[in-house]
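Visitor: Residues 1 to 109 (full-length UniProt numbering) make up the sequence shown, in order.
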Amino acid sequence: MKSLGVGHDESNLEKFYNSNNGIAKHVMPIIKSWQVYHFHDTSRTAKVKQIGSIHDHAYFRTDASNLAAFLYKLKLKHERQYKAICMTIQKVAPFFGDFVLAACRINHI
Numbered sequence: 001m002k003s004l005g006v007g008h009d010e011s012n013l014e015k016f017y018n019s020n021n022g023i024a025k026h027v028m029p030i031i032k033s034w035q036v037y038h039f040h041d042t043s044r045t046a047k048v049k050q051i052g053s054i055h056d057h058a059y060f061r062t063d064a065s066n067l068a069a070f071l072y073k074l075k076l077k078h079e080r081q082y083k084a085i086c087m088t089i090q091k092v093a094p095f096f097g098d099f100v101l102a103a104c105r106i107n108h109i
């Protein structure tokens with residue numbers, strides 16, 4: 001089995017990718033395809049805290065404005081993935097039980 005080494009301060013994956021390392025050649029394209037989300041706006045007016053359409057779940061928006069609708073659809077249609085998200089949160093916040101996803105008006109969450 002090949003190795004990328006250990007104990008690095010930063011990932012050497014790109015360096016190994018450029019040197020034709022087999023592991024890096026397989027892993028790097030997958031990692032580059034990931035979409036990373038970071039929600040830094042936690043103010044009262046943050047889009048993630050606003051009411052939105054329960055049907056706005058085709059894709060996850062980068063500003064998290066449809067987080068509730070997206071999670072609601074996952075809970076109803078993709079329960080395994082929804083539970084995986086909850087279990088991941090519980091690893092860093094063991095007190096977390098579940099999201100409170102409730103419609104406040106017809107077609108709004």
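Note that CB positions come from ideal geometry on N, CA and C, so glycine has one too.
In the DSSP assignment, what are the bridge partners of residue 8?
Guide: In DSSP, residue 8 forms no bridge with anything.
Visitor: Only counting the same chain, and skipping five residues up and downstream in sequence, which positions put a Cβ closer than 8 angstroms to that of residue 72?
Guide: The answer, listed in chain order, is 54, 57, 101 and 109.
Visitor: What whole-angstrom Cβ distance do residue 48 and residue 67 have, given they're in contact under 8 angstroms?
Guide: Indeed, because the Cβ distance is near 5 angstroms, the residues count as touching under 8 angstroms.
Visitor: Given this structure, state the Cα-to-Cα distance separating residue 17 from residue 59, to the nearest angstrom.
Guide: Distance between the alpha carbons of residue 17 and residue 59 is about 30 angstroms.
Visitor: Could you compute how far the alpha carbon of residue 99 sits from the alpha carbon of residue 34?
Guide: In a straight line, the C-alpha of residue 99 is about 24 angstroms away from that of residue 34.
Visitor: Give me, in chain order, the residues of the same chain whose beta-carbon lies closer than 7 angstroms to that of residue 121; leave out the 5 immediate sequence neighbours on both sides.
Guide: The chain is shown from 1 up to 109; residue 121 falls before or after that span and cannot be answered.
Visitor: Report the three-state DSSP secondary structure of residue 53 (helix, strand or coil).
Guide: Residue 53 falls in the strand class under three-state DSSP.
Visitor: For residue 74, count neighbouring C-beta atoms within 10 Å of its own C-beta (all shown protein chains included) and say buried if the count is 16 or more, exposed if not.
Guide: Burial call: buried.
Visitor: Excluding five sequence neighbours on each side, which residues of the same chain lie with their C-beta closer than 7 angstroms to the C-beta of residue 89?
Guide: Closer than 7 angstroms at Cβ, skipping near neighbours: 96.
Visitor: Would you kindly work out how many angstroms separate the C-alpha atoms of residue 86 and residue 25, rounded to a whole number?
Guide: Their backbone Cα atoms lie some 31 angstroms apart in a straight line.
Visitor: How big is the Cα-Cα spacing for residue 27 and residue 14?
Guide: Going by the C-alpha atoms only, they are around 10 angstroms apart.
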